[in-house]
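This report concerns only the one structure given below.
Residue numbers (the numbering used here): 965 to 1580.
See the structure below:
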């Protein structure tokens, strides 16, 4: 009988081991890049021998061992809840997620799923016919989530329906890289070259947000307007500041537009603490929402790895791809999808191991994301099409590539901070600013670049190729004639769809487009003198990342002729400038200070002097 019991015990042990292997495989299957190890024959033999030895041990010893093992407390990961409107009516067909699993609410507005142990939030995709909830009455950044609590299993949400239902037409203001720091970057408010101390948050608030508020005021009454920050809301340059993310969030939320944000590489820098501070301020990093007929998906594509700060082009973990597939499977296919992220997917010069070369000779050294093919396959199933939105570069580019037989365009937005608040320009010469998009149904019906404190009609700057900007010139950079008064036009938001003409003696001549790796002579020359906080390499031709594709040149028939430049965008707008507006030096102009700020400071100075005189 004893031998029989021992034999049965051995069989039971082997069965347990097999079952354990199965459970281990199931659990580890859920983890990215997990290596599943199966017990070998030697391991099994040892376990069997140990079991046999235990059977022969005194019963009291076995009892003591069992008594010493504390019972394991299982965490209940089952999540449920209900979504209702303010009248108590159920909200059906709303996507709810924890960042790993996506489900839809049923006809009663109810949902349930098993939460991932790593999840930090339970949240929903804001429906197109509902208001975007915000952090407060004064902070209009989106707040559509609840933090996970270990003891909480039910997460209910109340949504406010839009009075007139889904908006057919609306504005979306897109802000690239606010990137405020703790440092005081040198900033010049007048031509005297005397720097002033002005914090990045102050500049973003009194310049970028001030201008955005004016743009919103200029819209027709009742125009729906929303906002997107493309990440790098902060950078902990100058030291860590636990309040910085909150400060920029409140600044971003200070206008009427309800604003969402993606997370950037500098919001994380590979540090769990930094990422957590962003999440505490903005919520989940992978989420979606609807406006009009567009389904926006925001996702963290800053792929950090040992030995590198992050990969460029952007990458995604396998868990993120699974989440994205779920979200898009639950989204009606008649919508347009706007995929929003920080680092470009279509170019970059620090590739992941499976990234592919871009395949453009003038962009040699650049690669596309290893995920681009699968992403496009997911996006192409939508009847309304898709758009790719990113930031990161501190230069503007509508990047166009031919990829696997498809024509792909990625909108890479210039930075609100320019060269990280050292000037008023990006490294491609585009002024600090933001973009104003118009969506009408599933159609992107309009878009223009709005330079901070610039008139909306101002969409270009003009230079002479031979002009020396602190040792830099367009003629030298792009092998152009030096003695023929060649005109260079920087059209900030241009791409191959634009038509750019030079008008000389009443005749129109197409301008030639420059599209290659390189630099902007004006921006580089300016920062020869003023690049102090950030390495000059960032703006110069030593930056192998910078791609210039919105420069155009024209060689006049008469070098002394007055030339008019006409630019026609894809939306039917015509913008003009002329050779009389040529910028001849980089300091006493928009790159150095804002004239409006200078005029304001002069008025304040004169007022103070008058007050002092009256007192005397």
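Just so it is clear, CB atoms sit at the ideal spot from N, CA and C, and this is done for glycine as well.
Legend entry - Residue ranges of each beta strand (DSSP E) within the region 1094–1160, 3 or longer: Counting only runs of 3 or more, we get 1109–1111, 1121–1123 and 1133–1139.
Inset, instruction - Please determine, among 1445, 1515 and 1391, the residue with the shortest C-alpha to C-alpha distance to residue 1506. - result: Nearest C-alpha to residue 1506: 1391.
Inset, instruction - Per DSSP, which residues does residue 1042 bridge with? Please list them. - result: For residue 1042, which the question treats as bridged, DSSP gives the partners 1078.
Legend entry - Opening and closing residue of the beta strand (DSSP E) in which residue 1410 lies: Following the DSSP letters along the chain, one finds residue 1410 inside the beta strand (DSSP E) bounded by residues 1407–1415.
Inset, instruction - Within the region 1348–1409, note down every full beta strand (DSSP E) run reaching 3 residues or more, in order along the chain. - result: With a minimum length of 3 residues, the continuous beta strand (DSSP E) runs that stay inside the region 1348–1409 are 1350–1354, 1361–1367, 1370–1376 and 1397–1404.
Legend entry - Sequence ranges, beta strand (DSSP E) only - wholly within the region 1471–1545, length at least 3: For the region 1471–1545, whole beta strand (DSSP E) runs of length 3 or above, ordered along the chain, are 1471–1474, 1476–1481, 1511–1518, 1528–1532 and 1538–1542.
Legend entry - Given residue 1142 as reference, the closest of 1208, 1108, 1095 and 1115 once Cα atoms are compared: Its Cα nearest to that of residue 1142, the residue 1208 stands out among 1208, 1108, 1095 and 1115.
Inset, instruction - Please list the segments of the beta strand (DSSP E) lying wholly inside the region 1219–1277, counting only runs of 3 or more residues, in order along the chain. - result: Qualifying beta strand (DSSP E) stretches, in chain order: 1222–1225, 1251–1255 and 1258–1262.
Inset, instruction - Could you check if residue 1538 is buried or exposed, using at least 16 other CB atoms within 10 Å of its CB as the buried criterion? - result: Counting Cβ neighbours within 10 Å, residue 1538 comes out exposed, since fewer than 16 surround it.
Inset, instruction - For residue 1335, count neighbouring Cβ atoms within 10 angstroms of its own Cβ and tell me buried if that reaches 16, exposed if not. - result: Residue 1335 is buried by the Cβ-count criterion.
Inset, instruction - Return the first residue and the last residue of the beta strand (DSSP E) that residue 1563 is part of. - result: It is not in any beta strand (DSSP E) - residue 1563 instead sits in the alpha helix (DSSP H) that spans 1559–1579.
Inset, instruction - Evaluate the contact criterion for the region 1319–1331 versus the region 1480–1498: three or more CB pairs, one atom per stretch, below 8 Å. - result: Look at the beta carbons and you see the region 1319–1331 touching the region 1480–1498: at least three pairs across the two are nearer than 8 Å.
Legend entry - Pairwise C-alpha distance: residue 1211 and residue 1561: Rounded to the nearest angstrom, the two C-alpha atoms are 23 Å apart.
Legend entry - Host alpha helix (DSSP H) of residue 1439 (start-end): For residue 1439, the enclosing alpha helix (DSSP H) starts and ends at 1438–1442.
Inset, instruction - With DSSP collapsed to three states, give me the class of residue 1428. - result: Three-state DSSP puts residue 1428 in a strand.
Inset, instruction - Compute the Euclidean distance between the alpha carbons of residue 1576 and residue 1567, then round it to the nearest angstrom. - result: Their Cα atoms are separated by approximately 14 Å.
Inset, instruction - Just the C-alpha distance for residue 1461 and residue 1362, rounded to the nearest angstrom, thanks. - result: When rounded, the distance between both Cα atoms is 10 Å.
Legend entry - Contact the region 1407–1416 vs the region 1426–1446: 3+ CB pairs below 8 Å: No, they do not touch.
Inset, instruction - Can you grab the Cα-Cα spacing for the pair residue 1569 / residue 1563, in whole Å? - result: Their backbone Cα atoms lie some 10 Å apart in a straight line.
Inset, instruction - Leaving out five residues on either side along the sequence, give the residues of the same chain with a beta carbon under 6 Å from the beta carbon of residue 1120. - result: Spatial neighbours of residue 1120 in its own chain (CB-CB distance under 6 Å, excluding positions within 5 residues in sequence) are listed in chain order as 1045 and 1046.
Inset, instruction - Determine the direct distance from the alpha carbon of residue 1276 to that of residue 1315, and round the result to whole angstroms. - result: Whole-angstrom Cα-Cα distance: 5 Å.
Inset, instruction - Tell me whether the beta-carbon of residue 1529 lies closer than 7 Å to the beta-carbon of residue 1453. - result: Against a cut-off of 7 Å, the Cβ pair of residue 1453 and residue 1529 comes out as a contact.
Legend entry - Residue range of the unbroken alpha helix (DSSP H) whose run includes residue 1468: In this chain, residue 1468 is not harboured by any alpha helix (DSSP H); it is covered by the beta strand (DSSP E) spanning 1463–1468.
Legend entry - Limits of the unbroken beta strand (DSSP E) element including residue 1338: No beta strand (DSSP E) holds residue 1338; the alpha helix (DSSP H) holding it covers 1336–1343.
Inset, instruction - Check whether the Cβ atoms of residue 1249 and residue 1265 sit closer than 7 Å, and answer yes or no. - result: Not closer than 7 Å, so no.
Inset, instruction - Within the same chain, show all residues whose beta-carbon is closer than 6 Å to that of residue 1107, passing over the 5 residues directly before and after it, in chain order. - result: Excluding residues within five positions, the ones whose Cβ falls inside 6 Å are 1097, 1098 and 1099.
Legend entry - Exposure label - residue 1005; buried when at least 16 CB within 10 Å: In this prediction, residue 1005 has a pLDDT of 39, which is less than 50 and means its spatial position is unreliable; what the coordinates show is noted afterwards. By the Cβ-count criterion, residue 1005 is exposed, with fewer than 16 other Cβ atoms from all chains shown falling within 10 Å of its own Cβ.
Legend entry - Local Cβ density within 10 Å of residue 1503, reported as buried at 16 or more and exposed below that: By the 10 Å Cβ count, residue 1503 comes out buried.
Legend entry - Where residue 1315 falls: helix, strand or coil (DSSP): Of the three classes helix, strand and coil, the one that applies to residue 1315 here is coil, per DSSP.
Inset, instruction - Whole angstroms is fine: what's the gap from residue 1086's alpha carbon to residue 1237's? - result: Cα-Cα distance, rounded: 20 Å.
Inset, instruction - Using 10 angstroms around the beta-carbon of residue 1252, count the other beta-carbons present and answer buried if the total reaches 16, otherwise exposed. - result: So residue 1252 counts as buried.
Inset, instruction - Can you grab the Cα-Cα spacing for the pair residue 1333 / residue 1526, in whole Å? - result: The C-alpha of residue 1526 is placed about 46 Å away from the C-alpha of residue 1333.
Legend entry - Distance between beta carbons of residue 1307 and residue 925, contact taken as under 8 Å: Residue coverage of the chain in this structure runs from 965 to 1580, which leaves residue 925 outside it and unanswerable.
Inset, instruction - Label residue 997 either buried or exposed according to how many other C-beta atoms from any shown protein chain fall within 10 Å of its C-beta, with 16 as the threshold for buried. - result: Residue placement at residue 997 cannot be trusted, given a pLDDT of 38 that sits under 50; the coordinates are not used to answer.
Inset, instruction - Could you check which residue in 1193, 1331, 1188 and 1322 has the C-alpha nearest to that of residue 1256? - result: It is 1188 whose Cα lies nearest to the Cα of residue 1256.
Inset, instruction - Tell whether a beta-carbon distance below 7 Å holds between residue 934 and residue 1242. - result: Residue 934 cannot be examined here, being either before or after the span of the chain that is shown, 965 to 1580.
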